[in-house]
Each structure stands twice: as C-alpha cells, then as structure tokens.
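Residue numbers (the working numbering): 6 to 337.
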Ligand code: AQP
C-alpha cells in the first residue's frame, strides 16, 4: 500500500499537527510505502515572508525526523522540488468544478482572514493538494479531521478524471483520520480547533514548547462546568484534555476516564495531561535540537527524497499527458 501526506511549513508545529498527522506519518512507515511532503508551495497561498519559508521548511523537516521519520524507510521531500505537482494541478483543473472550490470551508475561513489579497492560490489549494496525492497514485492519506472535505473533493476529482480520460489512470485514495484526537482543540477556546494561524499563544501547544510552558498552558486551559471527568458534547474543554492524554500515551480515552474517576477535580486532569504531554514530547524536542543544527544534512535528505519522488510522479504525468492528448505522443 502506498501512503502519502503533506504538511505545510507554516509557523511552528502544534499538538494538533502532531497527534492528527505527524504521528500517523511515522506509523505509515510500518504499514506501507510512505511518501511525506513538506508543501512549501501551499504555504505561498496566504501572506507569508519569503525569507522565512526556507527556514520553516527546514524546521518542519527536522520536526518530522525528530518525531520518527527515517529517510531509509520513507520518501521525505519538499513539494517545490518536484515540478510534476504543479503540472498535474493544472491538468486536474480541467475536471474540477469552480463551485466546489468556492464552497470549501478552508477557503471561506482563510479568505475572510486575508487583509490585502485573497489569492487565486487559496482557491486552488485543494487542487494542488489533489495533485500532490494523485501524482503518486497513493491509496491512503493520513490527515486530521479538518482535511476531510478536501479529501472528498480529491476523490471526486480523481473519479471524474478517470471517467473522462480513462478508468484506472489515477487511484482514488482513502483518507485515514485518527479515532482519537482527530481534531485537537484550542486550549483557551475549545469550541475551535488548535490552529497555526487562528489561535492565541496560550491556547496553542507547540511540539517544541519547554516543559514549564506546557505545564502553564494546561494549568490555564479552559474547562467546563461540573466536576466529572468524562467526555461529553457539552464538555468540549474536558473532552479535549482527555483525548490529548489518551492519544499522547497511546491508550483509550476510557482508560484515562477510569484512572481519573476518583480525582478531586479538573486540576488533577490538567496535571495528568500535562505530565503525559511533557513525557511524550521530550524525546522529540531533544532530537529536534540536534537535527536542526545541520542544515546541509537536512537539505541533502530533502534532495534525495525529491529524486525518488520525481521518479514516481514522472510516470504518472506521462500517462496523464498521453491520455489527455497533451504534448507529443508517448515514445513507444
Ligand atoms: N487541531 C488539529 N487537530 C488534528 N489535526 C490537525 N491538523 C491541523 N490542525 C489539527 C492536521 O495537521 C496536518 C498538517 O496541517 P497543515 O499542513 O494545514 O499545517 P498547518 O497550516 O500548520 O496546520 P493548521 O493548524 O491546520 O493551520 P491553519 O489552521 O492555519 O490552517 C493536516 O493533516 C491537518 O489535518
């Protein structure tokens, strides 16, 4: 099975990215042929600082490696190094409905937040995302819950492409969304997801936060009325903390609830989740510091990954161009 996913090199990676996506990437190395991409081109769809983009890309590469990606067991590369992604994006536009792009929640939320320019890139974000995955004919895409809508669009685009240009040309991928912590919530506003662009410093827990910052953020986390430590629809704050503790430790949320059944209140829950997260992230932070220092090694890893990725994507693009009648006929 081939597994593909991408992550933006925007900002600092947070606990939502880690539990919803990065940990799944690491597991995918056990389950199949894992291809992971740092999507720098996607990061240019909103206002950004060009001088920071390469830095952020290396930060993200170092976090992924620190979390457990091994270049010998996966393909890790930078999107902008493999031009096939942008070419396929354009070709997929022929079977993408403008109305569908307009309806995407991410586009609606992010376009409303742009102060100067709502770029066409923001609208076409899901088409480039579809191209990322379809270029590798991946079977599965590990993502957090917030990407479900884009994955549905991608499946529609792939199905429409095959119906128009030839059955079996592209693989229609399945999403893989974790059962626990698929949508980690902001610690200060648990009604919304933890997010790179939308949240506050206090509400966002970063993978590289020091233990005292982690403890402080959990101590101040917003909880709900009542005292019972159980997951419930009217307890988004408590539910979030239980799910985080369970996901970080790799146990069921029911186990966390059972352990805390005799707790004195939410203070005990906050202490338990804080302890679990400090323990869980410490090895990642330590490895990150070592890996991030060696920029040449990080660049070399990404370049080697891009070469392997290109070899796969090139084949797909040759089939797609042939089927679409683009360019000269394929040499036999
Ligand atoms: N809160 C979350 N809970 C679970 N999974 C999450 N993901 C993002 N937020 C949560 C998953 O992380 C992966 C990478 O997302 P990205 O490439 O969009 O990176 P980002 O821009 O840093 O993530 P954000 O926080 O989602 O940015 P905003 O909110 O600014 O758009 C994806 O698989 C995503 O599902």
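Cβ coordinates follow ideal geometry from the N, Cα and C atoms, glycine included.
In this chain, residue 41 is not harboured by any alpha helix (DSSP H); it is covered by the beta strand (DSSP E) spanning 38-43. By the C-beta density criterion, residue 131 is buried, having at least 16 other C-beta atoms within 10 angstroms. Beta-bridge partners assigned by DSSP to residue 147: 181.
Cβ neighbours of residue 129 within its own chain (closer than 6 Å, five residues either side excluded): none.
In the same chain as residue 120, and ignoring 5 residues on each side of it, no C-beta atom comes closer than 7 Å to its own. In this structure, DSSP gives residue 222 a helical state, which the three-state scheme calls helix. Taken through DSSP and simplified to helix, strand or coil, residue 83 comes out as strand. Straight-line measurement puts the Cα of residue 68 at about 11 Å from the Cα of residue 288.
Counting along the chain, no alpha helix (DSSP H) covers residue 230, and no H or E run does either.
Beta-carbon to beta-carbon, residue 246 and residue 263 are separated by about 15 Å, too far to satisfy the 8 Å threshold. Taking a C-beta distance under 9 Å as the contact criterion, residue 50 and residue 106 do not qualify as a contact pair.
The beta carbon of residue 285 sits closer than 6 Å to the beta carbons of 253 from its chain, once the five residues preceding and following it are set aside; these are given in chain order.
Under DSSP, residue 11 forms a beta bridge with 42. Selection 85, 266 and 178 evaluated against residue 161 yields 178 as nearest (Cα-Cα). Within the model, the alpha-carbon separation for residue 108 versus residue 255 is close to 36 Å. Relative to the Cα of residue 328, the nearest Cα in the group 71, 167 and 22 belongs to 167. Counting of Cβ neighbours within 10 angstroms places residue 259 among the exposed residues, the total staying below 16. Sequence-distant Cβ neighbours of residue 240 in its own chain, meaning closer than 6 Å and more than five residues away, are 229. In this structure, the ligand AQP has no non-hydrogen atom nearer than 8 Å to the beta-carbon of residue 236.
The stretch 268-285 makes contact with the stretch 204-224: 3 or more CB pairs, one atom from each, lie closer than 8 Å. Residue state for residue 115 is assigned as helix, using DSSP reduced to three classes. In this structure, the alpha-carbon of residue 272 lies about 52 Å from that of residue 98. Beta-bridge pairing by DSSP links residue 190 to 198.
DSSP, reduced to helix, strand and coil, places residue 211 within a strand of the structure shown. Taking C-alpha positions only, residue 324 is separated from residue 75 by approximately 30 Å. A straight line joining the alpha-carbon of residue 163 with that of residue 140 spans about 11 Å.
Looking at the backbone, the Cα of residue 197 and that of residue 269 are separated by about 27 Å. Take the alpha-carbon of residue 222 and the one of residue 309: they are about 39 Å apart. Using a cutoff of 8 Å, the CB of residue 119 does not count as near the ligand AQP, since none of the ligand's heavy atoms is closer than that. In the DSSP assignment, residue 280 falls within the alpha helix (DSSP H) that extends over 271-298.
For residue 96, the closest alpha carbon among the candidates 37, 28, 165 and 41 is that of 165. Setting aside the 5 residues that flank it on each side, residue 82 is surrounded in the same chain by 42, 307, 310, 311 and 314, each with a C-beta closer than 7 Å to its C-beta; the list follows chain order. Boundaries of the alpha helix (DSSP H) around residue 159: 153-170.
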